[in-house]
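J.:
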Amino acid sequence: MSKKILFTLFSIILLSFISSSSSEIPFAAIQNPTHSLNPNNLNTNNLNDNKMKIFSQSNIQDKESKKIMVISDVHIMSEKLLIKDGEAFQNYLQKDRKLLQESIAIAKELANKILEEKPELVLVCGDLTKDGEKVSHQAFVEIFRPVVENGIRMLVIPGNHDVNNPNAVYFNGKNEEPAETVSAKQFSEIYSDFGYSNAVSRDRNSLSYVSEPTEGLRVIAIDGCKYEENLFLSKGDEKNHCVTEGRIKPETMKWIKREAKMALNSGKQIIAMVHHNVVEHFDFQGEISAPYLLENFREVQNHFMEAGIQVVFTGHFHANDIAKTRDNKGNYLYDVETGSPVTYPCPYRVIEYSNRNQLLISTKFIEKIDYDLKGEDFQAYAKRIIKENIPAVLSSLITEFYPEISQAAGSYSSFIKIPESHQLSRIVEDNFGEIAVELMMKIYEGSQQITFDYITLKKLNKSIENLAGELARKKFLKGRIVKSFNNLDYIKKVKVAAHSIYFNMKGLDQKVVLSGNIEKWMSKNREFIDDLNYPIFLQNPILLSENLIEEEVKSPEKTIFSNPLFVSTKNFWNNDSKWPESSSLVKTE
Numbered sequence: 017m018s019k020k021i022l023f024t025l026f027s028i029i030l031l032s033f034i035s036s037s038s039s040e041i042p043f044a045a046i047q048n049p050t051h052s053l054n055p056n057n058l059n060t061n062n063l064n065d066n067k068m069k070i071f072s073q074s075n076i077q078d079k080e081s082k083k084i085m086v087i088s089d090v091h092i093m094s095e096k097l098l099i100k101d102g103e104a105f106q107n108y109l110q111k112d113r114k115l116l117q118e119s120i121a122i123a124k125e126l127a128n129k130i131l132e133e134k135p136e137l138v139l140v141c142g143d144l145t146k147d148g149e150k151v152s153h154q155a156f157v158e159i160f161r162p163v164v165e166n167g168i169r170m171l172v173i174p175g176n177h178d179v180n181n182p183n184a185v186y187f188n189g190k191n192e193e194p195a196e197t198v199s200a201k202q203f204s205e206i207y208s209d210f211g212y213s214n215a216v217s218r219d220r221n222s223l224s225y226v227s228e229p230t231e232g233l234r235v236i237a238i239d240g241c242k243y244e245e246n247l248f249l250s251k252g253d254e255k256n257h258c259v260t261e262g263r264i265k266p267e268t269m270k271w272i273k274r275e276a277k278m279a280l281n282s283g284k285q286i287i288a289m290v291h292h293n294v295v296e297h298f299d300f301q302g303e304i305s306a307p308y309l310l311e312n313f314r315e316v317q318n319h320f321m322e323a324g325i326q327v328v329f330t331g332h333f334h335a336n337d338i339a340k341t342r343d344n345k346g347n348y349l350y351d352v353e354t355g356s357p358v359t360y361p362c363p364y365r366v367i368e369y370s371n372r373n374q375l376l377i378s379t380k381f382i383e384k385i386d387y388d389l390k391g392e393d394f395q396a397y398a399k400r401i402i403k404e405n406i407p408a409v410l411s412s413l414i415t416e417f418y419p420e421i422s423q424a425a426g427s428y429s430s431f432i433k434i435p436e437s438h439q440l441s442r443i444v445e446d447n448f449g450e451i452a453v454e455l456m457m458k459i460y461e462g463s464q465q466i467t468f469d470y471i472t473l474k475k476l477n478k479s480i481e482n483l484a485g486e487l488a489r490k491k492f493l494k495g496r497i498v499k500s501f502n503n504l505d506y507i508k509k510v511k512v513a514a515h516s517i518y519f520n521m522k523g524l525d526q527k528v529v530l531s532g533n534i535e536k537w538m539s540k541n542r543e544f545i546d547d548l549n550y551p552i553f554l555q556n557p558i559l560l561s562e563n564l565i566e567e568e569v570k571s572p573e574k575t576i577f578s579n580p581l582f583v584s585t586k587n588f589w590n591n592d593s594k595w596p597e598s599s600s601l602v603k604t605e
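Here our numbering is used: the first residue of the sequence shown is 17, the next is one more, and so on.
And the structure:
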């Protein structure tokens with residue numbers, strides 16, 4: 017069997033349901049989250065004397081806590097863009113997961129929530145607009161200007177949709193008409209009051225900047241988008257194309273490291289934000305859904321950790337998830353990913369920043385909007401809309417990739433048959449629709465507890481067998497094709513990724529996963545992170561700076577290390593970055 021066929025099919029399946037999934041969240045359990053730092057979970061024997069010393073001194077004498085809010089992927093669609101509802105707009109919605117018509121009302125409710133919470137700072141992690149239309153950017157500024165006028169600092173960065181976008185259009189009945197998009201320069205001018213005019217440093221090579229919104233805190237706002245590579249038919253390109261992928265330019269990375277070093281030397285804490293993920297949020301994300309991670313993300317991780325950046329806020333995936341990685345020097349990096357208010361379950365983050373080293377993260381949700389929902393509860397409405405869109409989104413993707421699928425299958429026509437696109441859409445939806453939704457809702461909603469219910473994962477294996485059977489040209493070939501499917505490296509990775517998503521665990525041992533018996537192994541070897549309510553403890557910036565200088569003296573020639581391969585041993589987490597939390601807890605208890 018061709019790996020290309022399966023890669024194409026399963027990428028479409030998984031990515032399509034990354035774009036459309038739903039479930040319910042127990043709101044009562046998270047409206048007033050209690051951050052319980054349980055001393056029973058500590059293993060102080062794993063902390064060496066140096067680490068204990070650092071964290072015994074890490075509570076800087078600043079007992080006043082500050083509130084930070086994080087939002088992402090607001091995707092405002094100006095009402096001016098819909099000149100006349102009709103075929104053009106409805107066709108667009110069939111390929112999209114977002115509540116676009118409701119986006120203005122959702123953004124207004126979000127602005128109200130910000131004013132109610134009264135944070136000192138709001139981070140906006142990109143994708144401010146539907147597709148970079150100038151009128152949508154202007155709508156964003158108009159809606160959130162009262163936030164800024166009330167003295168709340170609001171910092172924005174661009175997402176892949178926001179700049180130089182060829183998909184900026186008006187919808188007029190059956191037709192799409194070009195709408196004005198914005199250049200990088202125009203973006204910084206439009207958002208002058210949202211970070212750019214008060215920046216203490218600007219990167220010459222991107223829309224990245226540094227802000228110091230409160231004493232002792234430096235925010236590095238990073239532009240990781242590739243809008244320079246977007247294609248326009250109107251400019252003579254072969255097609256309109258907006259690049260989804262992201263990367264940090266080498267010149268920008270040098271600037272980031274320089275700004276981080278200045279912050280640490282000044283005793284200032286650092287937080288960063290960028291649109292694309294920096295850390296994988298499930299195993300093999302970098303292969304299964306690469307456009308959602310920065311290019312060379314492992315190198316980026318190590319550059320960040322070497323620079324003393326310990327936490328980065330991201331978006332792009334429309335999911336609630338917190339992931340962590342570490343290097344072999346004891347440095348660590350959290351990637352706090354925030355979902356979209358225009359995609360169920362419509363979240364935003366509220367963070368208590370205290371003692372200059374503690375981030376207590378909680379997650380809340382938009383529960384009502386000023387929009388005619390015909391009496392339906394907003395959360396139920398958002399869930400229903402995205403669930404109803406699944407077949408249309410999947411069908412459109414199968415249609416888009418059908419030529420590649422057919423071409424790849426040509427050499428194997430003696431064994432498998434690829435039906436017409438509409439029939440293939442039905443086969444894929446019938447076999448993978450339910451399982452994909454169940455898995456992707458785990459990412460969208462975030463996990464608050466661990467479960468060992470294997471029903472969903474058994475469905476995945478059954479779905480693969482059923483797909484093989486339906487594609488087999490002869491019934492007697494089904495067993496052979498199923499075996500070929502299951503032996504493909506890509507299918508094995510899909511299975512591991514599914515387990516990683518379902519159990520909210522990373523670094524799973526492939527042999528254990530594929531054996532189907534991982535509960536005992538996981539309980540000994542892996543750490544669970546609550547994606548909705550979670551405390552992060554940061555190292556003292558001055559002491560961190562001293563440690564980094566020591567490392568530079570020891571290792572003047574920098575080496576980029578990839579994430580260490582997981583070794584299934586009982587003491588795996590002795591080497592993990594859990595020690596900062598443990599040490600801080602020891603002190604505060």
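For every residue, glycine included, the Cβ atom is placed at its ideal position computed from N, Cα and C.
Computed from a predicted structure; not experimentally measured.
K192 bridges to which residues according to DSSP?
T.: Position check: residue 192 holds Glu in this sequence, whereas Lys was assumed. The partner list for E192 (beta bridge, DSSP) reads F187.
J.: I need the boundaries of the alpha helix (DSSP H) containing K124, first residue and last residue.
T.: Segment 119–133, the alpha helix (DSSP H) holding K124.
J.: Round the Cβ separation of G240 and K100 to the nearest angstrom and send it over; I've been treating them as touching at under 8 Å.
T.: G240 to K100, Cβ: 36 Å. No contact.
J.: What are the partner residues of T197, as DSSP defines its beta bridges?
T.: E149
J.: Report back the beta-carbon spacing between I238 and I264 to the nearest angstrom; my notes put them in contact at under 8 Å.
T.: 7 Å
J.: Confirm, please, whether the CB-CB distance from V294 to F320 is below 8 Å.
T.: yes
J.: For the segment 470–509, which segments carrying the alpha helix (DSSP H) assignment without a break, of at least 4 residues, lie completely within its bounds, in sequence order?
T.: 471–487, 494–503
J.: Where does A425 land, buried or exposed, given buried means 16+ other C-beta within 10 angstroms?
T.: buried
J.: Can you tell me whether P435 is buried or exposed, with buried defined as 16 or more other CB within 10 angstroms of its CB?
T.: exposed
J.: Under a three-way DSSP split, which group does H332 fall into?
T.: coil
J.: Nearest by alpha-carbon distance to E315: which of P266, H257, T260, E193 is it?
T.: P266
J.: So, is N386 buried or exposed, given that buried needs 16 or more other C-beta atoms within 10 angstroms?
T.: The question names Asn, but residue 386 is Asp in the sequence shown. D386 comes out exposed.
J.: Just to confirm my understanding: we take L97, look at its own chain, exclude 5 residues before and 5 after, and list those with CB closer than 8 Å. What are they?
T.: K146, E149, V151, S152, V185, Y186, F187, A195
J.: D505 to I421, Cα distance in whole Å?
T.: 19 Å
J.: If the criterion is Cβ atoms closer than 8 Å, does the pair E486 and I443 meet it?
T.: yes
J.: Leaving out the 5 sequence neighbours to the left and right, which residues in its chain are closer than 6 Å to N59 when beta-carbon positions are compared?
T.: Caution is warranted here: a pLDDT of 32 is assigned to N59, below 50, making its placement in the model unreliable, and the coordinate value is therefore given only provisionally. Counting only Cβ-Cβ distances below 6 Å, and skipping sequence neighbours, we find nothing.
J.: What whole-angstrom Cβ distance do L375 and V327 have, given they're in contact under 8 Å?
T.: 7 Å
J.: Beta strand (DSSP E) containing A339: first to last residue?
T.: Secondary structure note for A339: its beta strand (DSSP E) is the uninterrupted segment 337–342.
J.: Quick check on N520: does DSSP put it in helix, strand or coil?
T.: coil
J.: Identify the residues that DSSP records as bridge partners of I432: which are they?
T.: A488
J.: Within 8 Å (strictly less), CB to CB, does A398 reach chain D?
T.: Protein chain content of the structure displayed is limited to a single chain, and chain D is not contained in it.
J.: Mind reading off the beta-carbon distance from Q285 to N373? Whole number of angstroms is fine, and I expect it under 8 Å.
T.: 7 Å
J.: Of the choices I414, K340, E125, whose alpha-carbon is the least far from that of K384?
T.: When C-alpha distances from K384 are compared across I414, K340, E125, the shortest belongs to E125.
J.: Per DSSP, L98 is paired with what?
T.: F187
J.: Is R14 helix, strand or coil by DSSP?
T.: Missing from the structure shown is residue 14; the chain here goes from 17 to 605 and no further.
J.: Could you check which residue in K475, E450, L530 has the C-alpha nearest to that of N502?
T.: L530
J.: Just the Cα atoms here: how many angstroms apart are K182 and H438?
T.: Correcting the residue identity first, residue 182 is Pro in this sequence and not Lys. The straight-line gap from Cα to Cα measures roughly 28 Å.
J.: Measure the alpha-carbon distance for L116 versus L560 and round it to whole angstroms.
T.: 44 Å
J.: Decide yes or no for the touch test of the segment 485–500 against the segment 270–290: beta carbon pairs closer than 8 Å, at least 3 of them.
T.: No, they do not touch.
J.: Among the candidates M278, S412, V86, L349, whose CA atom is the shortest distance from the CA of G232?
T.: M278
J.: Looking only at C-alpha atoms, which of I517, F381, E244 sits nearest to F394?
T.: F381
J.: Kindly give me the distance between the Cβ atoms of E461 and N336, rounded to whole angstroms, as I take these residues to be in contact under 8 Å.
T.: Yes, E461 and N336 are in contact; Cβ-Cβ is about 6 Å, under 8 Å.
J.: For P229, which of helix, strand or coil comes out of DSSP?
T.: strand
J.: Thinking H292 and G262 are a contact (beta carbons under 8 Å), I'd like their distance in whole angstroms, please.
T.: With a beta-carbon spacing of about 4 Å, H292 and G262 fall inside the 8 Å limit used to define contacts.
J.: What number of angstroms, rounded off, separates the C-alpha of F300 from the C-alpha of D525?
T.: 12 Å
J.: Helix, strand or coil for E368? Go by DSSP, reduced to three states.
T.: strand
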